[in-house]
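Residue numbers (our numbering): 250 to 945.
For every residue, glycine included, the Cβ atom is placed at its ideal position computed from N, Cα and C.
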Amino acid sequence: MIIDAPEIPARGKGSDGPLTIRLVEVAEHYQRTLERDPRQPDALVGMSLVALASRQPDAAIRMAEAAVTAAPTMGAAWITLGQALKTASRVEEAEGAYEEAIRLDGMDPLARMGLGELKVATERPEDAIKEFELALRRQPGLVAAHLGRGHALACLGRYAEALAGYEQALALSPRLAEAEFAAGFALARLGKPTEAETRYRRALAERPDFAAAWMNLGCLLREQGREMYAEAALKRAVELRPDMIAGWVNLALLERERHRPAEAEAHLRTAFALNPDQVETLVAWVQFRAAEGDLAGAWGWLRWALARNARNDEALNMEGILLHTERRFAEAVEAFERAEALGNRPAASNRGNSLLDLGRAREALQAHETAAKRDPNNAGARYNLSLTQLRLGEWTRGWPGYEARWSFREVHRNPRKFDQARWQGEALEGRRVLLHAEQGLGDTIQFCRFATLVAARGGVPVLQVQEPVARLMGTLPVVVSGQAEIAALGATPPDFDLECPLMSLPAVFGTTVETVPWPGPYLGAEASAVEQKRALFPGDESGRLRVGLAWAGNPRYKADRLRSTKLETLFPLLHVPGVTWISLQKGDAAEQLAHLPEDVSVWDGSSKEKDLAETAALVATMDLVITTDTCIAHLAGAMGKRVWIMLPLLADWRWMQETETTPWYPTARLIRQKAPGDWKGVMERVIEGLGSFPTE
Numbered sequence: 250m251i252i253d254a255p256e257i258p259a260r261g262k263g264s265d266g267p268l269t270i271r272l273v274e275v276a277e278h279y280q281r282t283l284e285r286d287p288r289q290p291d292a293l294v295g296m297s298l299v300a301l302a303s304r305q306p307d308a309a310i311r312m313a314e315a316a317v318t319a320a321p322t323m324g325a326a327w328i329t330l331g332q333a334l335k336t337a338s339r340v341e342e343a344e345g346a347y348e349e350a351i352r353l354d355g356m357d358p359l360a361r362m363g364l365g366e367l368k369v370a371t372e373r374p375e376d377a378i379k380e381f382e383l384a385l386r387r388q389p390g391l392v393a394a395h396l397g398r399g400h401a402l403a404c405l406g407r408y409a410e411a412l413a414g415y416e417q418a419l420a421l422s423p424r425l426a427e428a429e430f431a432a433g434f435a436l437a438r439l440g441k442p443t444e445a446e447t448r449y450r451r452a453l454a455e456r457p458d459f460a461a462a463w464m465n466l467g468c469l470l471r472e473q474g475r476e477m478y479a480e481a482a483l484k485r486a487v488e489l490r491p492d493m494i495a496g497w498v499n500l501a502l503l504e505r506e507r508h509r510p511a512e513a514e515a516h517l518r519t520a521f522a523l524n525p526d527q528v529e530t531l532v533a534w535v536q537f538r539a540a541e542g543d544l545a546g547a548w549g550w551l552r553w554a555l556a557r558n559a560r561n562d563e564a565l566n567m568e569g570i571l572l573h574t575e576r577r578f579a580e581a582v583e584a585f586e587r588a589e590a591l592g593n594r595p596a597a598s599n600r601g602n603s604l605l606d607l608g609r610a611r612e613a614l615q616a617h618e619t620a621a622k623r624d625p626n627n628a629g630a631r632y633n634l635s636l637t638q639l640r641l642g643e644w645t646r647g648w649p650g651y652e653a654r655w656s657f658r659e660v661h662r663n664p665r666k667f668d669q670a671r672w673q674g675e676a677l678e679g680r681r682v683l684l685h686a687e688q689g690l691g692d693t694i695q696f697c698r699f700a701t702l703v704a705a706r707g708g709v710p711v712l713q714v715q716e717p718v719a720r721l722m723g724t725l726p727v728v729v730s731g732q733a734e735i736a737a738l739g740a741t742p743p744d745f746d747l748e749c750p751l752m753s754l755p756a757v758f759g760t761t762v763e764t765v766p767w768p769g770p771y772l773g774a775e776a777s778a779v780e781q782k783r784a785l786f787p788g789d790e791s792g793r794l795r796v797g798l799a800w801a802g803n804p805r806y807k808a809d810r811l812r813s814t815k816l817e818t819l820f821p822l823l824h825v826p827g828v829t830w831i832s833l834q835k836g837d838a839a840e841q842l843a844h845l846p847e848d849v850s851v852w853d854g855s856s857k858e859k860d861l862a863e864t865a866a867l868v869a870t871m872d873l874v875i876t877t878d879t880c881i882a883h884l885a886g887a888m889g890k891r892v893w894i895m896l897p898l899l900a901d902w903r904w905m906q907e908t909e910t911t912p913w914y915p916t917a918r919l920i921r922q923k924a925p926g927d928w929k930g931v932m933e934r935v936i937e938g939l940g941s942f943p944t945e
């Protein structure tokens, strides 16, 4: 989104307050000259520059016009007029003034540089580069031209080349705050946040009142999850420049992410009051209302933004996002295509997501590849690409790309940091490796199997997992044999030498569809606990199937509304004869058992269980488990139980596309919707399958 982007450098950016006393002295000098000769061109040019520095563009234009009238062959007068007209946003006239200066002297470096700056400001960076290079041909030591060329390259996304230009400027003028600031911007875009922070702080050491540097530093700190420091930096920016709209908008973004909507809205109101017609602020309102679940309000702000500028690429990108949210995927694709055509980089990745929902996975892959190629340092683009690669079975490329999640704040807002190094697959020779859970309970169950492979490399796995699965992990063979340990997530782990997230282990081992480790069932339950559960929930008569049910996952999961359903969806299933139904559902969704029809019966087997070890004991008594995409699906699969997993049309990436089986759990059957929300069709196939169970 546009409000996530820090301020792009520009010549003189951050000159937040003129040296008033010095300007007064200079103005008085020129005034005395003009009193003697009102047409003295040098004095008129000087007064125009003083007016520009004092933020009086109209006065600057009048003085510069008088200068070119008095001395029409004076190149400096035309250059000053161009600068004054540019400041007043009179672009065509400014360009004409610069061209007149160039007509007088085709290689005048200041004229070329001024024209280059104008072309950067009017989104013609490729043409601007030529102007800066002509200026440098005449005057290689012109620092501002090196900066300007760097800015033009940055506008084209050529950040490495831009950085080289900024370094040249610093070689000519060490400790130049504008160049350090610009270098920080380029480094941030190159995915080097530590180096970028150093440069921003150098700029601030030279100019503590550099508001734009404070703002960009705040954006960088926010992206790193250092929210308290980000807030301080952003507030300092708007203290120095209360009229800095981008500063207020980024403060709003920070507060929105901190779930403080009242504060976020207050900052947006300040930005809006400064300029009600600035499209970037209007788009920020769209994002805010959408994040608050107010789609009608978001559409209202978007219409306002598009009325101001129908070709604003970020507004069109947001139009696509709103259409996608409303599940109008084909229209969303068209909106994203329009945004892409105008240069919007996130739009390609967003288009890929909409194509996935349309069932056009190969086209989606191409869109995600385009997004990652255009912006290789964008963690979100790389992450989305990796998920699509994994979905399509391209695991060799997908697993390494999946590591981008650690830089993508929508997945890990505040990633854990360790002093110990990340294990990369090298021989371990007895070293202890902390294998830590990072996402849901199902993920922990799915990937804990890799602990056995870590032990086989000579290491001692320390499985740091969520409390609800800690006791269950004690049944993992590598733990039972004493080769691995269990530790509680959230507590200080025992000593370890290396670390690795559980979900990074497939990348470490180069796992492919053909090499998913499956030594057989790898989780289980104690025999005594199994018998207790069997006695607690007996079948009504001999020969009846014992079938466990779960229909809803963690409601905090972003896509839960698609993967989960309600118990009433399963009512047709519950009328199948010859089955004892036992609920494995946990959480608030288990309360739906109180509203069953009178002609069906379901045991409440799990709503009061304290952890998944208890659930495992009950699952061990089942002939079959039928569930949506929940941790119960993973538990049954890891125990080697027959499990039917009911999936939405666009299921999670781990279940891949279209297949009815999964390499992760050989005893699982995947039953997918054939149209969005088609749970009825899923139920029909489940009922049909029960008719032939257990021979199906």
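So the candidates are Thr-574, Glu-583, Asn-566 and Leu-572; which of them puts its Cα closest to the Cα of Pro-595?
As a working note, residue 595 is residue 346 in the sequence shown. Per the Cα distances, Asn-566.
Could you tell me the boundaries of the beta strand (DSSP E) in which Arg-918 lies?
To locate residue 918, count along the sequence shown from 1; it is residue 669. That run of the beta strand (DSSP E) goes 917–921.
Just how far apart, CA to CA, sit Glu-341 and Leu-405?
As a working note, residue 341 is residue 92 in the sequence shown. As a working note, residue 405 is residue 156 in the sequence shown. So the alpha carbons of these two residues sit roughly 23 angstroms apart.
Compute the Euclidean distance between the alpha carbons of Leu-702 and Pro-770, then round it to the nearest angstrom.
On the sequence shown, residue 702 is found 453 positions in, with the first residue counted as 1. On the sequence shown, residue 770 is found 521 positions in, with the first residue counted as 1. The straight-line gap from Cα to Cα measures roughly 15 angstroms.
Give a yes or no on whether the C-beta atoms belonging to Leu-639 and Trp-902 are separated by under 7 angstroms.
If you number the sequence shown from 1, residue 639 lands on position 390. If you number the sequence shown from 1, residue 902 lands on position 653. For Leu-639 and Trp-902, yes; Cβs fall inside 7 angstroms.
Considering Ala-710, what are the terminal residues of the beta strand (DSSP E) in which it resides?
Walking along the sequence shown from the start, residue 710 turns up at place 461. One detail in the question is off: residue 710 reads as Pro in this sequence, not Ala. Looking at the DSSP string, the run of the beta strand (DSSP E) that includes Pro-710 is 709–714.
Distance, Cα to Cα, Glu-372 vs Arg-934?
For the purposes of this step, residue 372 is taken as the residue at position 123 of the sequence shown. For the purposes of this step, residue 934 is taken as the residue at position 685 of the sequence shown. Whole-angstrom Cα-Cα distance: 57 angstroms.
Identify every run of the alpha helix (DSSP H) within the stretch 382–414, keeping only runs that are complete inside it and at least 4 residues long; order them along the chain.
392–404
Give me the Cα-Cα distance between Ala-370 and Ala-610, rounded to the nearest whole angstrom.
The residue labelled residue 370 in the question sits at position 121 within the sequence shown. The residue labelled residue 610 in the question sits at position 361 within the sequence shown. Their Cα atoms are separated by approximately 39 angstroms.
Please list the terminal residues of the continuous alpha helix (DSSP H) segment that includes Ser-941.
Translated into positions along the sequence shown, residue 941 becomes position 692. It spans 928–941 - the alpha helix (DSSP H) in which Ser-941 sits, taken as one unbroken run.
Taking the C-alpha atoms as reference points, what is the distance between Val-727 and Ala-704?
Residue numbering aside, residue 727 sits at position 478 when the sequence shown is read from its first letter. Residue numbering aside, residue 704 sits at position 455 when the sequence shown is read from its first letter. For the pair Val-727 and Ala-704, the Cα-to-Cα distance works out to about 8 angstroms.
Since Asp-878 contacts Arg-805 with CB under 8 angstroms, what's their CB separation in whole angstroms?
Taking the sequence shown and counting its residues from 1, the one referred to as residue 878 is at position 629. Taking the sequence shown and counting its residues from 1, the one referred to as residue 805 is at position 556. Not really, about 14 angstroms apart at Cβ, beyond 8 angstroms.
If you follow the alpha helix (DSSP H) that Glu-775 is in, where does it begin and where does it stop?
The residue you call residue 775 lines up with position 526 of the sequence shown. Segment: none, Glu-775 is in no alpha helix (DSSP H) and carries neither H nor E.
Using the C-alpha atoms, what's the distance from Trp-648 back to Arg-706?
Sequence index remark: in the sequence shown, residue 706 carries index 457 (1-based). Sequence index remark: in the sequence shown, residue 648 carries index 399 (1-based). If you take the alpha carbons of Arg-706 and Trp-648, they lie about 20 angstroms apart.
Rounded to whole angstroms, what is the Cα-Cα separation between Phe-434 and Arg-450?
For this step, residue 434 is matched to residue 185 along the sequence shown. For this step, residue 450 is matched to residue 201 along the sequence shown. So the two alpha carbons sit approximately 12 angstroms from each other.
Looking only at DSSP bridge pairs, what is Gly-797 linked to?
In the sequence shown, the residue the question calls residue 797 occupies position 548. Beta-bridge pairing links Gly-797 to Ile-831 and Val-874.
Let me confirm a value: Gly-363 is counted as buried when at least 16 other C-beta atoms fall within 10 Å, else exposed. Which label applies?
The sequence position of residue 363 within the sequence shown is 114, counting from 1. Buried is the call here.
Beta-carbon contacts of Met-932 that lie in its chain and below 8 angstroms, excluding the five residues immediately before and after
Here residue 932 refers to the residue found at position 683 when the sequence shown is read from its first residue. Cβ neighbours of Met-932 within its own chain (closer than 8 angstroms, five residues either side excluded): Thr-818, Leu-819, Pro-821 and Leu-822.
Whole angstroms are fine: how far does the CA of Arg-671 sit from the CA of Cys-749?
Within the sequence shown, residue 749 is the residue found at index 500, counting from 1. Within the sequence shown, residue 671 is the residue found at index 422, counting from 1. Roughly 6 angstroms between the two C-alpha positions.
What are the boundary residues of the beta strand (DSSP E) that includes Ala-838?
Position 589 of the sequence shown, counted from the first residue, corresponds to residue 838. Note, Ala-838: premise wrong, no beta strand (DSSP E); not H, not E.
Given a cut-off of 7 angstroms, decide if Ala-774 and Ala-887 are closer than it, judged by their beta-carbon atoms.
For the purposes of this step, residue 887 is taken as the residue at position 638 of the sequence shown. For the purposes of this step, residue 774 is taken as the residue at position 525 of the sequence shown. Contact: no.
Span of the beta strand (DSSP E) holding Cys-880?
Here residue 880 is taken as the residue at index 631 of the sequence shown, counted from 1. Segment 880–887 is the alpha helix (DSSP H) holding Cys-880; no beta strand (DSSP E) there.
Proximity below 7 angstroms, CB of Ile-894 to CB of Leu-919
Position 645 of the sequence shown, counting from 1, holds the residue named residue 894. Position 670 of the sequence shown, counting from 1, holds the residue named residue 919. In contact: Ile-894 and Leu-919 (Cβ atoms closer than 7 angstroms).
Pick from Arg-361, Val-392 and Gln-388 that is closest to Ile-378, judged by C-alpha positions
For the purposes of this step, residue 378 is taken as the residue at position 129 of the sequence shown. Among Arg-361, Val-392 and Gln-388, the Cα nearest to that of Ile-378 is on Arg-361.
Excluding five sequence neighbours on each side, which residues of the same chain lie with their C-beta closer than 6 angstroms to the C-beta of Ala-620?
Taking the first residue of the sequence shown as 1, we reach residue 620 at position 371. Cβ within range, chain order: Ala-597, Ser-598 and Ala-630.
Do the CB positions of Val-299 and Val-275 come within less than 7 angstroms of each other?
Numbered from 1 along the sequence shown, position 50 holds the residue referred to as residue 299. Numbered from 1 along the sequence shown, position 26 holds the residue referred to as residue 275. Cβ atoms of Val-299 and Val-275: closer than 7 angstroms.
Have a look at Met-752 and Gln-906 and give me their C-alpha separation to the nearest angstrom.
Residue 752 sits at position 503 when you count from the first residue of the sequence shown. Residue 906 sits at position 657 when you count from the first residue of the sequence shown. Each residue's alpha carbon lies about 20 angstroms from the other.
With burial defined as no fewer than 16 other Cβ atoms inside 10 Å of the residue's Cβ, what is the status of Glu-568: buried or exposed?
Numbered from its first residue, the sequence shown carries residue 568 at position 319. Flag for Glu-568 reads buried.
Cβ atoms of Val-874 and Gly-802: under 7 angstroms apart, would you say?
Against the sequence shown, residue 802 aligns to sequence position 553. Against the sequence shown, residue 874 aligns to sequence position 625. No, they are not a contact pair.
Roughly how far, in whole angstroms, is the beta-carbon of Val-762 from the beta-carbon of Trp-904, given that I think they are within contact range, below 8 angstroms?
Taking the sequence shown and counting its residues from 1, the one referred to as residue 762 is at position 513. Taking the sequence shown and counting its residues from 1, the one referred to as residue 904 is at position 655. Their Cβ separation, rounded to whole angstroms, is 12 angstroms, which puts Val-762 and Trp-904 out of contact at 8 angstroms.
Endpoints, the beta strand (DSSP E) within which Leu-492 is located:
Counting from one through the sequence shown, the residue named residue 492 turns up at place 243. Leu is not the amino acid found at residue 492; the sequence shown has Asp there. Bounds of any beta strand (DSSP E) do not take in Asp-492, whose DSSP letter is neither H nor E.
Keeping to the same chain, check which residues put their C-beta closer than 7 angstroms to that of Pro-897; ignore five residues upstream and five downstream.
The residue given as residue 897 occupies position 648 in the sequence shown. Non-local beta-carbon contacts of Pro-897 in its own chain, meaning distances under 7 angstroms to residues more than five positions away in sequence, involve Leu-811, Arg-812 and Gln-922 in chain order.
Count the other CB atoms, across all protein chains shown, that sit within 10 Å of the CB of Asn-524; report buried if there are 16 or more and exposed otherwise.
To locate residue 524, count along the sequence shown from 1; it is residue 275. With fewer than 16 Cβ atoms within 10 Å of its Cβ, Asn-524 is classed as exposed.
Could you say which of Gly-546, Gly-691, Leu-283 and Glu-678 lies nearest to Pro-710 if we only look at CA atoms?
Here residue 710 refers to the residue found at position 461 when the sequence shown is read from its first residue. Among Gly-546, Gly-691, Leu-283 and Glu-678, the Cα nearest to that of Pro-710 belongs to Glu-678.
Output the distance between the C-alpha atoms of Ile-936 and Ser-855, rounded to the nearest integer angstrom.
Along the sequence shown, read from residue 1 onward, the residue named residue 936 stands at position 687. Along the sequence shown, read from residue 1 onward, the residue named residue 855 stands at position 606. Spanning the two alpha carbons is a distance of roughly 23 angstroms.
Cut-off 7 angstroms between Cβ atoms - residues of its own chain near Pro-267, not counting five sequence neighbours on either side:
Counting from 1 along the sequence shown, the entry for residue 267 is found at position 18. Residue confidence is low: Pro-267 scores 42 on pLDDT, short of 50, so the model does not pin down where it sits. No coordinate-derived value is stated.
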